[in-house]
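Numbering (my numbering) for the sequence shown: 74 to 247.
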Amino acid sequence: MSQPSQADIFAALQAQSSSSRKRPPTQLISDLPEGEDAKASLTNGQGTNVTKIHCFRQGCGCVILAPGVGQWISADSNLIPSEDGSPFPGSNASPDNQSAYWHITGSPMSFDNIGFSKPSELKSLSLNAPGNASGKKVKWLSCADCDLGPVGWSFEGGTEAWLAVERVRYGVKP
Ligand SMILES: [Zn+2]
Numbered sequence: 074m075s076q077p078s079q080a081d082i083f084a085a086l087q088a089q090s091s092s093s094r095k096r097p098p099t100q101l102i103s104d105l106p107e108g109e110d111a112k113a114s115l116t117n118g119q120g121t122n123v124t125k126i127h128c129f130r131q132g133c134g135c136v137i138l139a140p141g142v143g144q145w146i147s148a149d150s151n152l153i154p155s156e157d158g159s160p161f162p163g164s165n166a167s168p169d170n171q172s173a174y175w176h177i178t179g180s181p182m183s184f185d186n187i188g189f190s191k192p193s194e195l196k197s198l199s200l201n202a203p204g205n206a207s208g209k210k211v212k213w214l215s216c217a218d219c220d221l222g223p224v225g226w227s228f229e230g231g232t233e234a235w236l237a238v239e240r241v242r243y244g245v246k247p
C-alpha cells in the first residue's frame, strides 16, 4: 500500500466540499400552495417547526434553526423595521393586524447559526413586541453566514428570541 498522494488528498477534499455545498431545496412561506394553511404545513400538533429553517437568501443555505426548536406565535405585524431595498416581503398581516413569528427559548445556543446586532435602543420595535420590557435594548437577528437581516429580534441579556416567519426559508422534501 502506497501513501495517498497530495493530489489524491486534494481530490478527496474537493469532493467533500462540493457535496457539502449542495443546497437542500427550500421554500418561502409565499411559495406554499395557495390556500394551504402555513401554520398547519410548517408545524406539528404542538406548534413547533417541523422543517429546518434556513436563511432567506436562496444562495446562502445557512441553517438557522433545527426542527422542533421554534414555537409558532401570533403578535403585532410589522414589529421588525423594513429598510429601503430590503429583500423581505411586506408582512401579510391579517385583518386584526397580527403576524406570525417563531418564538425560540432557552439561549442563543438554541440556534444552529445566528448573528446578533449590537444592542440598540428600541426605536422601531413596537412596545407591543413579545418579550419587551421597559429599558431593555434590542438585538436584531441576522444570518450568521451572509449577515442578511434583520430577520428577528432578541433583548440584551435575554434568553428568548423571535424570528419573522416570512423572513426565513423552510426545508422541503426533495
Ligand atoms: Zn445567509
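All C-beta atoms, glycine included, are put in the ideal place defined by N, C-alpha and C.
Give me, in chain order, the residues of the same chain whose beta-carbon lies closer than 6 Å to that of residue i; leave out the 5 immediate sequence neighbours on both sides.
i: residue 190; result: 212 and 213
i: residue 91; result: Residue placement at residue 91 is poorly supported in this model, since its pLDDT is 48, which falls under 50; the coordinates still yield a value, given next. Hits under 6 Å: none found.
i: residue 130; result: 219 and 221
Looking only at DSSP bridge pairs, what is residue i linked to?
i: residue 242; result: 127
i: residue 122; result: 116
i: residue 149; result: 171
i: residue 212; result: 227
What residue from the options has the CA that sits closest to residue i's CA?
i: residue 133; options: 237, 233, 205 and 95; result: 95
i: residue 136; options: 210, 227, 161 and 98; result: 98
I'd like to check one pair, residue j with residue i: are the Cβ atoms closer than 8 Å?
i: residue 238; j: residue 183; result: no
i: residue 175; j: residue 235; result: yes
Excluding sequence positions up to five away, which residues of its chain have a Cβ less than 8 Å from the Cβ of residue i?
i: residue 242; result: 99, 100, 101, 126, 127, 128, 129 and 131
i: residue 114; result: 105
Ordered along the chain, which non-local residues of its own chain (more than five positions away) have a Cβ less than 7 Å from that of residue i?
i: residue 179; result: 232
Quiz prompt | the region 215-222 / the region 92-112 touching (three or more Cβ pairs under 8 Å) | solution = no
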